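Student: Here's a structure for you.
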Amino acid sequence: MESSVVTRAELRNWLGAFCSARGVEQPTGSSLYSLKVSDNEFASLGIELRHHAAELYHLSESAAYAACWLLYAAEWWKRCYGGGAWAWKPLFDSINMSVPSHQRIQQLVASGRKYWHLTSEMNAGKRYIGEVAIQGGLPLRLIETAQGNVSRLLHAVLRQTISFDLSSAAIRAEVQSLHPLLPRSYRQPAIYDLLGKVVEVVKDLRSRYALKDADDPIMSLQRAYPEWADEFPLRIDGEAASQLLRGLVREAGETERCDRRIPFWMRRQLRFDADGSCVLETKVEVLPTSTPALVAQLFGCAPEELPASFQISLILGGNRFALAECVVRSQGIRMAVQNVQLPDDCHMSFAQLQLSRYGETLHTAMLPGGERLEENAPWVFENAFPVARLLKVGSLRIGAPSALVCIPDAAFFFSEEGECESRLSPLAGRSLKLLTSGTSRMSYKGDVYRIHCGVQGNESELLQWRGRILDVHAEPAFVYAGMPTFHRV
Numbered sequence: 004m005e006s007s008v009v010t011r012a013e014l015r016n017w018l019g020a021f022c023s024a025r026g027v028e029q030p031t032g033s034s035l036y037s038l039k040v041s042d043n044e045f046a047s048l049g050i051e052l053r054h055h056a057a058e059l060y061h062l063s064e065s066a067a068y069a070a071c072w073l074l075y076a077a078e079w080w081k082r083c084y085g086g087g088a089w090a091w092k093p094l095f096d097s098i099n100m101s102v103p104s105h106q107r108i109q110q111l112v113a114s115g116r117k118y119w120h121l122t123s124e125m126n127a128g129k130r131y132i133g134e135v136a137i138q139g140g141l142p143l144r145l146i147e148t149a150q151g152n153v154s155r156l157l158h159a160v161l162r163q164t165i166s167f168d169l170s171s172a173a174i175r176a177e178v179q180s181l182h183p184l185l186p187r188s189y190r191q192p193a194i195y196d197l198l199g200k201v202v203e204v205v206k207d208l209r210s211r212y213a214l215k216d217a218d219d220p221i222m223s224l225q226r227a228y229p230e231w232a233d234e235f236p237l238r239i240d241g242e243a244a245s246q247l248l249r250g251l252v253r254e255a256g257e258t259e260r261c262d263r264r265i266p267f268w269m270r271r272q273l274r275f276d277a278d279g280s281c282v283l284e285t286k287v288e289v290l291p292t293s294t295p296a297l298v299a300q301l302f303g304c305a306p307e308e309l310p311a312s313f314q315i316s317l318i319l320g321g322n323r324f325a326l327a328e329c330v331v332r333s334q335g336i337r338m339a340v341q342n343v344q345l346p347d348d349c350h351m352s353f354a355q356l357q358l359s360r361y362g363e364t365l366h367t368a369m370l371p372g373g374e375r376l377e378e379n380a381p382w383v384f385e386n387a388f389p390v391a392r393l394l395k396v397g398s399l400r401i402g403a404p405s406a407l408v409c410i411p412d413a414a415f416f417f418s419e420e421g422e423c424e425s426r427l428s429p430l431a432g433r434s435l436k437l438l439t440s441g442t443s444r445m446s447y448k449g450d451v452y453r454i455h456c457g458v459q460g461n462e463s464e465l466l467q468w469r470g471r472i473l474d475v476h477a478e479p480a481f482v483y484a485g486m487p488t489f490h491r492v
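Heads up, the sequence shown is in the working numbering, so the first residue is 4 and it goes up one at a time.
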């Protein structure tokens, strides 16, 4: 017992010195990765824990021991985790301890969180392992071994986040959807959470410090908030991590917020793997809030015709998918968005929306961006990696110097710039080509299409017919009551 008392005092002294070195008397509730544990501190903490490994069962209820252990565990994750399925054994092996029971690990994590005043909500299911990872931050080995692809992933998700004001859940889903860019051993839920956290921090900094209007986002942020880098869940004393963060901040300053105010739209895109292969994806985006005027405009009705609460469903290829539960309030419409998994073969189907209440369809609308991909026409995508969004089906003029086009294999294709570079196609029976500045022509089954890159004018905006759609099955177009109107959205 006397030995345990001495050990507790030694650990309390270590923690006191650790806090004093940071100019505080006690923990402030900051995430552990922001405390910047030095190499010497990590080594000395490991020595303390190894020295008293045999006394775990007497010390596991000690707040000082739990605090030291959680700090060490978080740092071990960041410094030593090399990928693969998480297991407690390597961590405990590093301090010469056998793996304790799950109940004792729970006690250590809970007591450690209490000591450090950590109030963030723990994710059920992977609560204790996940807490160690979140507090440690992104593993250094991931940044060092996959810097290029990690950067591409984060930049792609950041652009989507800023353009469409994605929620935390949507950011995390975007990160996970790009998991092929990560080394296989790092395709873990905790890594997705941490990468999502990086994007969320950049988004927040962009909003708080008006980086969009800054000539030099880095300098502007440095003047307004010198400690900005401390908010990120990764160690930035290495050149790779520092360059990564600065690149993301610059991206945030340069990315335009999409002024599209329509509450629902369909996004088609190519998603590339690290080896250059790609898949064609179809996604439906839903804003969490809107206004009665915008929703009514989409469905071709008056705002006062909207009920107090209603459901929005997606009709695609004869299937119905619940999109959102909507409630009209004084400040607007709140939409509880549902997670929708669309079938892989939905690209050739029209998409429409139905507004219903208690199972009765009240209004029908075409989903913006939900036109079918015409098999006989070229599909033009932006030239971007790892995600290239669809710009238009058919002829197109764009200011960008290059684009990707997916065409039928049997089509005749000619480029004024000479031979086009071929890429791995996402679909059998179609070819994917890289176009550069100039004009390219495609002819197929009597139709001729022209794609102009690097020219003035941009025809890639989203266009839509609007009006009151009758609830009858009709293809390839909808049946309207009266004359519809054409809108750029």
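Using N, Cα and C, we set each Cβ at its ideal position, and we do this for glycine too. Since we're looking at a predicted model, the values are computed, not measured.
1. The beta strand (DSSP E) that contains Ala368, what's its start and end?
2. Going by the CB atoms, is the gap between Asn99 and Ala56 shorter than 9 Å?
3. If you draw a straight line from the C-alpha of Ser114 to the C-alpha of Arg107, how long is it?
4. Taking only runs that begin and end inside the segment 249 to 291, name each unbroken beta strand (DSSP E) of 3 or more residues, in chain order.
5. By the three-class DSSP mapping on this structure, what secondary structure does Lys215 have?
6. Between the alpha carbons of Pro411 and Leu430, how many angstroms are there, rounded?
7. Are the beta-carbon atoms of Ser440 and Cys409 separated by less than 9 Å?
8. Buried or exposed: where does Glu134 fall if 16 or more other Cβ atoms within 10 Å of its Cβ makes it buried?
9. Among Ser443, Val340 and Ala66, which one has its Cα closest to the Cα of Glu422?
10. Measure the CB-CB distance between Gly538 and Ser171 and report whether it falls below 9 Å.
11. Per DSSP, which one or two residues make a beta bridge with Gln355?
12. When you compare the CB positions of Arg271 and Glu284, do they come within less than 9 Å of one another, or not?
13. Given a threshold of 16 other Cβ atoms within 10 Å of its Cβ, counted over all protein chains shown, does Thr292 qualify as buried or as exposed?
14. Taking the C-alpha atoms as reference points, what is the distance between His455 and Ile137?
15. Using the Cα positions of Phe214 and Gln191, report the straight-line distance between them to the nearest angstrom.
16. Quick one: what's got a C-beta closer than 8 Å to Arg175's C-beta in the same chain, skipping five residues either side?
17. What does the alpha-carbon distance come out to for the pair Arg332 and Thr294?
18. Return the chain-ordered list of same chain residues with a C-beta closer than 7 Å to the C-beta of Asp233, the five sequence neighbours on each side being excluded.
19. Which full runs of the alpha helix (DSSP H) of 4+ residues lie inside the segment 22 to 63, going along the chain?
20. List the DSSP bridge partners of Leu438.
21. Taking buried to mean at least 16 other C-beta atoms within 10 Å of its own C-beta, is Met351 buried or exposed?
22. Buried or exposed: Tyr75, going by 16 or more other Cβ atoms within 10 Å of its Cβ?
23. For Ala311, which residues of its own chain have a beta-carbon under 8 Å away from its beta-carbon, when the five flanking residues on both sides are left out?
24. Out of Leu301, Glu420, Pro346 and Ala244, which has the shortest C-alpha to C-alpha gap to Ser405?
25. With DSSP as the reference, identify every bridge partner of Met338, one or two as the case may be.
26. Pick helix, strand or coil for Glu422, following the three-state DSSP scheme.
Tutor: Based on what the coordinates show:
1. For the purposes of this step, residue 368 is taken as residue 365 along the sequence shown, with counting starting at 1. Counting along the chain, the beta strand (DSSP E) containing Ala368 begins and ends at Glu363 to Met369.
2. Translated into the one-based positions of the sequence shown, residue 56 becomes position 53. Translated into the one-based positions of the sequence shown, residue 99 becomes position 96. Yes, Cβ-Cβ distance for Ala56 and Asn99 is below 9 Å.
3. Within the sequence shown, numbered from 1, the residue matching residue 114 stands at position 111. Within the sequence shown, numbered from 1, the residue matching residue 107 stands at position 104. The straight-line gap from Cα to Cα measures roughly 10 Å.
4. 267 to 275 and 281 to 289
5. Here residue 215 refers to the residue found at position 212 of the sequence shown. Three-state result, Lys215: helix.
6. Here residue 411 is taken as the residue at index 408 of the sequence shown, counted from 1. Here residue 430 is taken as the residue at index 427 of the sequence shown, counted from 1. One C-alpha to the other measures close to 10 Å.
7. Sequence index remark: in the sequence shown, residue 440 carries index 437 (1-based). Sequence index remark: in the sequence shown, residue 409 carries index 406 (1-based). Taking 9 Å as the Cβ cut-off, Ser440 and Cys409 do not qualify as a contacting pair.
8. Reading the sequence shown from its first residue, position 131 is the one you call residue 134. The residue in question, Glu134, is buried, as its Cβ has 16 or more Cβ neighbours within 10 Å.
9. Numbered from its first residue, the sequence shown carries residue 422 at position 419. Closest option to Glu422, Cα to Cα, is Ser443.
10. The structure shown does not extend to residue 538, since the chain is modelled only from 4 to 492, so the question has no answer here.
11. Start at 1 with the first residue of the sequence shown, and residue 355 comes out as number 352. Beta-bridge pairing links Gln355 to Ile318 and Met369.
12. Looking up residue 271 in the sequence shown gives position 268. Looking up residue 284 in the sequence shown gives position 281. Contact flag set, yes.
13. For the purposes of this step, residue 292 is taken as residue 289 along the sequence shown, with counting starting at 1. It counts as exposed.
14. Counting from 1 along the sequence shown, the entry for residue 455 is found at position 452. Counting from 1 along the sequence shown, the entry for residue 137 is found at position 134. So the two alpha carbons sit approximately 47 Å from each other.
15. One-based indexing of the sequence shown puts residue 214 at position 211. One-based indexing of the sequence shown puts residue 191 at position 188. At residue 214 the sequence reads Leu, which differs from the Phe that was named. Cα to Cα, the separation comes out at about 32 Å.
16. Locating residue 175 in the sequence shown gives position 172, where the first residue counts as 1. Cβ within range, chain order: Tyr195, Asp196 and Gly199.
17. As a working mapping, residue 332 is identified with position 329 in the sequence shown. As a working mapping, residue 294 is identified with position 291 in the sequence shown. Rounded to whole angstroms, Arg332 to Thr294 spans 9 Å at the Cα level.
18. Looking up residue 233 in the sequence shown gives position 230. Contacts found: Ser37.
19. 42 to 54 and 59 to 62
20. As a working note, residue 438 is residue 435 in the sequence shown. Paired residue(s): Ala406.
21. Looking up residue 351 in the sequence shown gives position 348. It counts as exposed.
22. Counting from one through the sequence shown, the residue named residue 75 turns up at place 72. By the 10 Å Cβ count, Tyr75 comes out buried.
23. Your numbering for residue 311 matches position 308 in the sequence shown. If we look at Ala311 and ignore the five residues flanking it on each side, its Cβ neighbours are Val330 and Val331.
24. For the purposes of this step, residue 405 is identified with residue 402 of the sequence shown, where counting begins at 1. Nearest option by C-alpha distance: Glu420.
25. By 1-based counting over the sequence shown, the position of residue 338 is 335. Paired residues: Cys329.
26. For the purposes of this step, residue 422 is taken as the residue at position 419 of the sequence shown. Coil.
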